[in-house]
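Student: First the structure, then my questions, so here it is.
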Amino acid sequence: MKIADEDRLLLLCSKLIADNSNTDEIVQLLDKNPDWQKLITKAQRHAIASAFYSIIAKIPASDLIPDKYLSKLKQDYLDTLGRNTIVYNELIALLKIFNQAHIDTVPLKGAGLLASVYPDLT
6 MKIADEDRLL LLCSKLIADN SNTDEIVQLL DKNPDWQKLI TKAQRHAIAS
56 AFYSIIAKIP ASDLIPDKYL SKLKQDYLDT LGRNTIVYNE LIALLKIFNQ
106 AHIDTVPLKG AGLLASVYPD LT
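Mind the numbering: the sequence shown is residues 6 to 127 in the working numbering, read in order.
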């Protein structure tokens, strides 16, 4: 079963940290001029648009991405970063309050995992 280039590109870029072994393949897929509207729609549907942008922004081939799509991905990334920063800072404030009241806390999911899972809170 052949996987579509857009899907392969999303899979490669959905990792939290890109490794050099995938960079060449990502550049090759970008060079094939994928269906950007389809790609962005899928990335948003699967909630990986921020991860996708953070990977492709670090690859020296961003000139292969049309400006209107790159700016859309960047804006989505910045929106997510802003929301997550607010939520994370609120969690930190709450944890300090609980700590001062000698209430033990263990964040199990959500904002509690942001810093440990996502290097840049996206």
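Even glycine gets a Cβ: it sits at the ideal position worked out from N, Cα and C. No experiment lies behind these values; they were computed from the predicted model shown.
In terms of residues, what are the limits of the alpha helix (DSSP H) holding Leu17?
Tutor: 10 to 18
Student: Go ahead and pull the three-state DSSP assignment for Lys101.
Tutor: Here Lys101 sits in helix by DSSP.
Student: Of the choices Lys73, Lys79, Ala62, Met6, whose alpha-carbon is the least far from that of Gln42?
Tutor: Lys73
Student: I'd like the list of long-range same chain contacts for Phe103, defined as Cβ closer than 7 Å, with 5 residues on each side in sequence excluded.
Tutor: Residues Thr110 of the same chain have their beta carbon placed closer than 7 Å to that of Phe103, with the five preceding and five following residues left out of the count.
Student: Going by Cα to Cα distance, which pick from Asp84, Gln105, Leu100 is closest to Gly117?
Tutor: Scanning Asp84, Gln105, Leu100 for the CA closest to the CA of Gly117 turns up Leu100.
Student: Near Asp40, which residues of its chain fall below 8 Å by C-beta distance, leaving aside the five closest residues on each side in sequence?
Tutor: The answer, listed in chain order, is Glu11.
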